[in-house]
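J.: Just passing along the structure, written as structure tokens.
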Amino acid sequence: MGKPSIVFVAVCFLVSLVALTGTSTSAAVAPQRIALFISDWDYNLNRALDGPDEKGTGPFFDDLPISCRDDVPLGGLAAVRDQLQKFQFQITYVCNANQQGFADAFSKFAQTANALPPKSIVFIYYSGHGIQAYGNAFALPVRAAKPQLDNAYNLRNGTAQIAVASAIANDLQVSLAKIKQRADLAVVVVLDNCRNNPFKGSQAQLDSGSNELVNIDTQKNVLIQYRTRPSEFSAANDAYSTILATELSRGGDIGAVMQAADDKLTSLYSAGALGDEPTLNGARLFSASDGFYLTEAPPPTVLSSGKVRAKLMRASYWNLVPDPSERLKLVDMRVLWCQGPGEVERRVYAEQFANFLRLNAKDLDIKSVVVVPLSQALNDFGGYGHVRRNIMRYDNAAEAAALTKIARAYPDGEFLPQKGKGKGGRPTHSVSALVCGAAPEYSEDMLSKFRQ
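The sequence shown begins at 8 in the numbering used here and counts up by one.
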């Protein structure tokens with residue numbers, strides 16, 4: 008029998024918070040909601056749906072099912088648009104954008120987003136071809152030069168390969184960075200596209216040792232719903248957008264809506280009814296404690312119930328792992344909290360998470376749970392304090408799978424464990440997840456129990 012795995016979860020929060028700047032006003036401005044749809048399907052721009060290029064030698068990528076006509080969405084995209092219109096979203100729609108058209112539309116939209124009042128919601132939906140490599144995700148615009156990307160496979164290093172991708176496609180990280188990070192602005196991004204790596208298996212990719220199972224690094228106020236996992240192709244149909252439209256129709260907090268859509272999609276995938284396994288960058292990603300709502304009405308009381316929340320967590324876990332024989336047996340789960348300024352809140356948070364694990368240890372196959380501190384020296388100088396919520400210390404494949412299940416079961420934790428390599432390319436198997444963000448607010452009675 009091999010050595011038992013010891014999996015750690017580090018509950019680390021940035022000590023310094025980003026200060027928001029702006030001019031104060033005496034009267035509050037009502038939140039606004041804006042949306043940008045970019046849908047690409049006619050990749051040679053001949054206004055006709057062409058069959059696939061069987062030889063793969065054509066100048067452009069294959070057409071996708073028709074999703075728009077003259078900036079008018081069709082099918083599942085129209086269903087999503089209709090729900091957003093019901094909640095007074097101001098919608099910009101771009102059909103079959105080339106690289107410059109994509110960049111221009113995004114830049115103009117970002118300017119509008121950056122001027123929105125507090126508690127506003129920004130919704131971005133991209134549908135079309137996409138790729139992901141070396142932690143970079145790209146939207147492939149219409150008339151993107153496919154032969155250039157094919158030829159880049161033989162380049163000697165990943166940097167050169169990414170340079171080619173950047174020359175013909177739109178880097179999604181660069182695009183999203185145009186929207187300023189603000190704690191009072193929710194940015195929801197839906198990526199309805201493939202995430203396959205066109206350089207997978209190339210000598211450059213093999214030599215790099217790059218972890219290809221990661222999500223892209225984004226700002227803290229950006230929530231991304233990916234249709235499929237990293238390195239995977241996605242089906243060309245309306246299944247994803249139809250389910251998302253259904254969940255949007257229910258209204259409420261946009262973070263909860265996206266979590267509900269993810270849960271539904273994951274359940275269908277686990278049951279074999281859906282070919283794509285979705286990925287969500289956290290369920291409660293936005294730092295405002297009272298949420299971002301599609302309607303002005305307050306959230307239903309039942310959603311704030313601890314018992315209801317715990318039930319939802321367990322349901323999410325069982326949907327993911329219906330067969331107990333497939334679950335990894337963990338011997339010891341260690342929850343780490345960072346010492347230093349604000350440590351009391353972080354310790355309370357760690358204890359609450361540990362209690363959840365203990366209560367659900369049987370379901371999650373956890374033998375024991377230990378809460379331990381992580382020194383400020385390690386936090387400051389070991390690099391932990393500089394890790395964003397969607398770049399993790401890395402686990403081996405089995406540990407990553409187990410932690411992903413736990414993350415799904417505990418969406419409030421905003422964990423995103425991923426496997427890969429650590430500093431200097433060395434494998435790291437001890438730290439499972441780092442959570443960087445503001446600690447929740449607790450009552451003085453709660454905090455006093457943990458003060459030295």
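Even for Gly, the Cβ is constructed at its ideal location relative to N, Cα and C.
All values derive from a computational prediction rather than experimental measurement.
On the CB-based measure, 16 or more other CB atoms within 10 Å of its CB, does ASP70 come out buried or exposed?
T.: By the neighbour-count rule (16 or more Cβ atoms within 10 Å), ASP70 is buried.
J.: Whole alpha helix (DSSP H) runs in the segment 174 to 217 with 4 or more residues, listed along the chain?
T.: Correct list: 179 to 183, 210 to 215.
J.: Would you kindly report the start and end of the unbroken alpha helix (DSSP H) that includes GLN97?
T.: Not the alpha helix (DSSP H): GLN97 falls in the beta strand (DSSP E), residues 97 to 102.
J.: Residues bridged to ASN143 by DSSP?
T.: DSSP output for ASN143 lists ALA140 as bridge partner(s).
J.: Looking at the secondary structure, which residues open and close the alpha helix (DSSP H) in which ALA86 lies?
T.: Segment 82 to 93, the alpha helix (DSSP H) holding ALA86.
J.: Taking the alpha-carbon positions, what's the SER323 to LYS62 distance?
T.: No answer about SER323 holds up, because its pLDDT of 32 lies below 50 and its placement is not dependable.
J.: Only counting the same chain, and skipping five residues up and downstream in sequence, which positions put a Cβ closer than 8 Å to that of ALA104?
T.: These residues qualify, in order along the chain: ILE45, ASP47, ALA112, PRO148, VAL149.
J.: Could you tell me the boundaries of the alpha helix (DSSP H) in which ARG354 lies?
T.: Its alpha helix (DSSP H) spans residues 350 to 366.
J.: Considering only C-alpha positions, which residue in the set ASP57, GLY82, VAL129 is nearest to ILE98?
T.: Per the Cα distances, VAL129.
J.: Using a Cβ-Cβ cut-off of 7 Å (strictly less than) and excluding sequence neighbours within five positions of HIS393, which residues of its own chain qualify?
T.: Annotation note: pLDDT 37 at HIS393 (below 50); position unreliable, no value reported.
J.: Based on Cα-Cα distance, which residue from ASP224, PHE67, GLY216, TYR300 lies nearest to LEU183?
T.: Looking at the Cα atoms, ASP224 is the closest of the given residues.
J.: Give the single residue among GLN139, LEU162, GLY208, THR253 whose Cα lies nearest to the Cα of SER241.
T.: The residue with the shortest Cα to Cα distance from SER241 is GLN139.
J.: Just how far apart, CA to CA, sit LYS185 and VAL229?
T.: Cα-Cα distance, rounded: 12 Å.
J.: Can you give me the C-alpha to C-alpha distance between VAL342 and ALA117, rounded to a whole angstrom?
T.: VAL342 and ALA117: Cα-Cα distance of roughly 38 Å.
J.: Only counting the same chain, and skipping five residues up and downstream in sequence, which positions put a Cβ closer than 6 Å to that of GLY142?
T.: Closer than 6 Å at the Cβ level, and outside the excluded window around GLY142, lie VAL221.
J.: Between ALA42 and ASP269, what straight-line distance do the alpha-carbon atoms span, to the nearest angstrom?
T.: Between ALA42 and ASP269, the C-alpha separation is close to 20 Å.
J.: Assign PRO154 to buried or exposed, taking buried as 16 or more other Cβ atoms, counted over all protein chains shown, within 10 Å of its Cβ.
T.: Result: exposed.
J.: Could you tell me how far apart the beta carbons of SER134 and LEU84 are, in whole angstroms, since I believe they sit closer than 8 Å?
T.: Right, their Cβ atoms sit about 6 Å apart.
J.: Using the Cα positions of VAL195 and LEU91, report the straight-line distance between them to the nearest angstrom.
T.: Approximately 12 Å between the Cα atoms of the pair.
J.: For LEU171, which option in GLN180, VAL181, ASP157 has the closest C-alpha, if you only look at C-alpha atoms?
T.: The question names Leu, but residue 171 in the sequence shown is Val. With distances taken between Cα atoms, VAL171 lies closest to ASP157.
J.: Taking just the CA atoms, how far does VAL264 sit from GLU254?
T.: C-alpha separation (whole angstroms): 6 Å.
J.: Ignore the nearest five residues each way along the sequence and tell me which others in GLY108's own chain have a CB closer than 8 Å to its CB.
T.: Excluding positions up to five away in sequence, the list reads VAL101, PRO148.
J.: Excluding sequence positions up to five away, which residues of its chain have a Cβ less than 6 Å from the Cβ of SER455?
T.: Excluding positions up to five away in sequence, the list is empty.
J.: At 4 residues or longer, and completely inside the segment 214 to 267: list those alpha helix (DSSP H) runs for me, N to C.
T.: As far as the segment 214 to 267 is concerned, its whole alpha helix (DSSP H) runs of at least 4 residues are 246 to 255.
J.: Once the 5 residues before and after SER209 are set aside, which same chain residues still bring their CB inside 6 Å of it?
T.: Closer than 6 Å at the Cβ level, and outside the excluded window around SER209, lie TYR160.
J.: Give me whichever residues DSSP pairs with TRP48 in a beta bridge.
T.: Paired residue(s): none; TRP48 is not in a bridge.
J.: Under the assumption that ILE131 contacts ALA193 (Cβ atoms under 8 Å), give the Cβ distance between them as a whole number of angstroms.
T.: So it is not a contact: roughly 11 Å between Cβ atoms.
J.: What residue range is occupied by the uninterrupted alpha helix (DSSP H) comprising PHE113?
T.: It spans 106 to 121 - the alpha helix (DSSP H) in which PHE113 sits, taken as one unbroken run.
J.: Among the residues of its own chain, which have a CB less than 6 Å from the CB of SER248, if the five just before and after it don't count?
T.: The answer, listed in chain order, is GLY83, LEU84, VAL87.
J.: What does the alpha-carbon distance come out to for the pair LEU198 and ASP245?
T.: The straight-line gap from Cα to Cα measures roughly 13 Å.
J.: Counting C-beta neighbours from all protein chains within 10 Å, is the total for SER450 16 or more, i.e. buried, or is it exposed?
T.: Result: exposed.
J.: Looking only at DSSP bridge pairs, what is PRO380 linked to?
T.: In the DSSP output, where bridge partners are listed per residue, PRO380 has TRP344.
J.: Do you know offhand how far VAL355's Cα is from ASN177's?
T.: Going from the Cα of VAL355 to the Cα of ASN177 covers about 42 Å.
J.: If the criterion is Cβ atoms closer than 7 Å, does the pair ARG202 and PRO237 meet it?
T.: Result yes, Cβ atoms of ARG202 and PRO237 sit closer than 7 Å.
J.: Ignore the nearest five residues each way along the sequence and tell me which others in VAL376's own chain have a CB closer than 6 Å to its CB.
T.: Here the set comprises MET340, ALA361, LEU364, ARG365.
J.: Along the chain, where does the beta strand (DSSP E) containing SER127 start, and where does it finish?
T.: From DSSP, the beta strand (DSSP E) with SER127 extends over 127 to 134.
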